[in-house]
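Enquirer: Numbering (our numbering), first residue to last: 35 to 330.
By construction, the Cβ of each residue, glycine as well, lies at the ideal position given by its N, Cα and C atoms.
A quick note: this is a predicted structure, and the numbers were derived from the prediction, not measured.
Pasting a structure here, questions to come.
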């Protein structure tokens, strides 16, 4: 089982562009989060995206926006007949926000995408895919020639992309949104876990809540998200634990039990797989980093 924080290496650049990439076989997918904003544009493929306690179908022409430190998962169902082609753009939202300070409307839009929990962040761009493809490929060519790192080029790209997004929504619409369909069972499960992740006997309680059997609840979640319920639960607990290590003086043992781990050794093992350090080392590193920032 894999869950965890994936740090995006910006190396002093506010945009990391991976280009269009095509996959012809199913890759392993797991719940993870980044320190930045991520745009995922799908050109071909089927599957499921999980974010913000919701599931969305993967299909051509979709744009998914993952907010900084947001748990998400992309599960592409690849077959011989259906490959998975996408472009991924990681944005240092703090730097980009400064680049957009002279463009208040686009800056407000970008801030909503990065921070608002009230808006949908899965957009059907299929009717305007040519426009978005041009924006992406134009910047891709510039980046490939190592000319896309200047503030001007990055600002132009982000403005073009945000302006293209604005075109697909009515002018009187104050913020981007989608008409929501009926919630999937997995969405109800994730919302329930947001309030009960720290409890024991989760599966039994979920089964009682939904009036299903334990095995049926597990199958539902697996079929709709492509992952086991335990993977999502572990990712949720580890992320909350990391936040507590950063912001409280509670002991590792206390935090372990507080977020729902029955065994401290198991918590330490899961945490280390996610962050490559033990919880205690992580806590000390965060404290040291805070002291250095205060001194500056």
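1. Rounded C-beta distance between residue 106 and residue 67? I'm assuming under 8 Å.
2. Under three-state DSSP, which class holds residue 158?
3. Which class does residue 321 belong to by DSSP, given the choice of helix, strand or coil?
4. Within the continuous beta strand (DSSP E) that includes residue 109, where are the two ends?
5. Please go through the same chain and pick out, in chain order, the residues whose beta-carbon is closer than 8 Å to the beta-carbon of residue 104, but skip the five residues on each side of it.
6. Tell me the start and end of each unbroken alpha helix (DSSP H) in the region 218-302 that is at least 4 residues and wholly inside, in chain order.
7. Counting along the chain, where does the alpha helix (DSSP H) carrying residue 137 start and finish?
8. On the CB-based measure, 16 or more other CB atoms within 10 Å of its CB, does residue 260 come out buried or exposed?
9. Among 308, 55, 228, which one has its Cα closest to the Cα of residue 120?
10. Helix, strand or coil for residue 88, going by three-state DSSP, please let me know.
11. According to DSSP, which residues form a beta bridge with residue 121?
12. Are the region 301-321 and the region 269-285 in contact at 8 Å, needing three or more beta carbon pairs?
13. Can you tell me whether residue 206 is helix, strand or coil according to DSSP?
14. Between which residues of its own chain and residue 117 is the CB-CB distance below 8 Å, once the five residues before and five after are set aside?
15. Roughly how far, in whole angstroms, is the beta-carbon of residue 169 from the beta-carbon of residue 124, given that I think they are within contact range, below 8 Å?
16. Does DSSP put residue 42 in a helix, a strand or coil?
17. Going by other Cβ atoms of all chains shown within 10 Å of its Cβ, with 16 needed for buried, is residue 113 buried or exposed?
18. Closer than 6 Å by C-beta to residue 194: which residues in its own chain qualify, once you throw out the five before and the five after it? Chain order, please.
19. Quick one: what's got a C-beta closer than 6 Å to residue 129's C-beta in the same chain, skipping five residues either side?
20. Tell me which residue opens and which closes the alpha helix (DSSP H) that residue 127 is part of.
21. Hey, how far is the Cα of residue 212 from the Cα of residue 258?
22. Does the pairing of the region 184-192 with the region 219-233 give three or more beta-carbon distances under 8 Å?
23. Would you mind stating whether residue 298 and residue 274 have Cβ atoms separated by less than 7 Å?
24. So, with DSSP's three-state summary, where would you put residue 174?
25. Starting from residue 100, trace the beta strand (DSSP E) in both directions and tell me its first and last residue.
26. Which of helix, strand or coil does DSSP assign to residue 308?
27. Can you list, in chain order, the residues of its chain with a C-beta nearer than 7 Å to that of residue 272? Leave out the 5 residues immediately preceding and following it.
28. Measuring only the C-alpha atoms, how far is residue 167 from residue 320?
29. Would residue 247 be called buried (16 or more neighbouring beta carbons within 10 Å of its own) or exposed?
30. Which partner residues of residue 82 appear in the DSSP bridge assignment?
Expert: The structure says:
1. Translated into positions along the chain shown, residue 106 becomes position 72. Translated into positions along the chain shown, residue 67 becomes position 33. Right, their Cβ atoms sit about 7 Å apart.
2. For this step, residue 158 is matched to residue 124 along the chain shown. Strand at residue 158.
3. In the chain shown, counting from the first residue as 1, residue 321 sits at position 287. Looking at residue 321 - three-state DSSP - the assignment turns out to be helix.
4. Residue numbering aside, residue 109 sits at position 75 when the chain shown is read from its first letter. First-last of the beta strand (DSSP E) with residue 109: 106-110.
5. Residue numbering aside, residue 104 sits at position 70 when the chain shown is read from its first letter. Around residue 104: 67, 85, 86.
6. 219-230, 236-244, 248-259, 263-281, 286-292
7. Counting from one through the chain shown, the residue named residue 137 turns up at place 103. From DSSP, residue 137 is part of no alpha helix (DSSP H); its letter is neither H nor E.
8. The residue you call residue 260 lines up with position 226 of the chain shown. So residue 260 ends up on the buried side.
9. Residue numbering aside, residue 120 sits at position 86 when the chain shown is read from its first letter. Selected option, being the one with the closest Cα: 55.
10. The residue labelled residue 88 in the question sits at position 54 within the chain shown. If DSSP states are grouped into helix, strand and coil, residue 88 belongs with the strands.
11. Taking the chain shown and counting its residues from 1, the one referred to as residue 121 is at position 87. BP columns for residue 121 point to 54, 75.
12. yes
13. Within the chain shown, numbered from 1, the residue matching residue 206 stands at position 172. Only weak support exists for where residue 206 lies, its pLDDT of 43 falling under 50; the coordinates are left without a value.
14. Counted from its first residue, the chain shown places residue 117 at position 83. Excluding sequence neighbours, residue 117 sits near 56, 57, 58, 78, 79.
15. For the purposes of this step, residue 169 is taken as residue 135 along the chain shown, with counting starting at 1. For the purposes of this step, residue 124 is taken as residue 90 along the chain shown, with counting starting at 1. Between residue 124 and residue 169 the Cβ distance is about 16 Å, and since that is not below 8 Å, they are no contact.
16. Here residue 42 refers to the residue found at position 8 when the chain shown is read from its first residue. Looking at residue 42 - three-state DSSP - the assignment turns out to be coil, as it is neither helix nor strand.
17. Here residue 113 refers to the residue found at position 79 of the chain shown. Exposed, because fewer than 16 other Cβ atoms sit within 10 Å of the Cβ of residue 113.
18. As a position in the chain shown, residue 194 is number 160, starting the count at 1. Taken in chain order, the residues that qualify are 169.
19. Counting from 1 along the chain shown, the entry for residue 129 is found at position 95. Contacts found: 48.
20. Taking the chain shown and counting its residues from 1, the one referred to as residue 127 is at position 93. Its alpha helix (DSSP H) spans residues 127-133.
21. By 1-based counting over the chain shown, the position of residue 212 is 178. By 1-based counting over the chain shown, the position of residue 258 is 224. Unreliable positioning characterises residue 212 in this predicted model, as indicated by a pLDDT of 41, which lies under 50. The coordinate reading is nonetheless provided below. Taking the straight line joining both Cα atoms gives about 20 Å.
22. no
23. In the chain shown, the residue the question calls residue 298 occupies position 264. In the chain shown, the residue the question calls residue 274 occupies position 240. In this structure, residue 274 does not lie closer than 7 Å to residue 298 by Cβ.
24. Sequence index remark: in the chain shown, residue 174 carries index 140 (1-based). Three-state result, residue 174: helix.
25. Working through the chain shown from its first residue, we reach residue 100 at position 66. Looking at the DSSP string, the run of the beta strand (DSSP E) that includes residue 100 is 96-100.
26. Position 274 of the chain shown holds residue 308. Helix.
27. Stepping through the chain shown from its first residue, residue 272 is reached at position 238. 37, 304, 305, 308, listed in sequence order.
28. Residue numbering aside, residue 167 sits at position 133 when the chain shown is read from its first letter. Residue numbering aside, residue 320 sits at position 286 when the chain shown is read from its first letter. In a straight line, the C-alpha of residue 167 is about 40 Å away from that of residue 320.
29. Mapped onto the chain shown, residue 247 falls at position 213. Exposed, by the Cβ-count rule.
30. By one-based count along the chain shown, residue 82 stands at place 48. Its beta-bridge partners are 91, 109.
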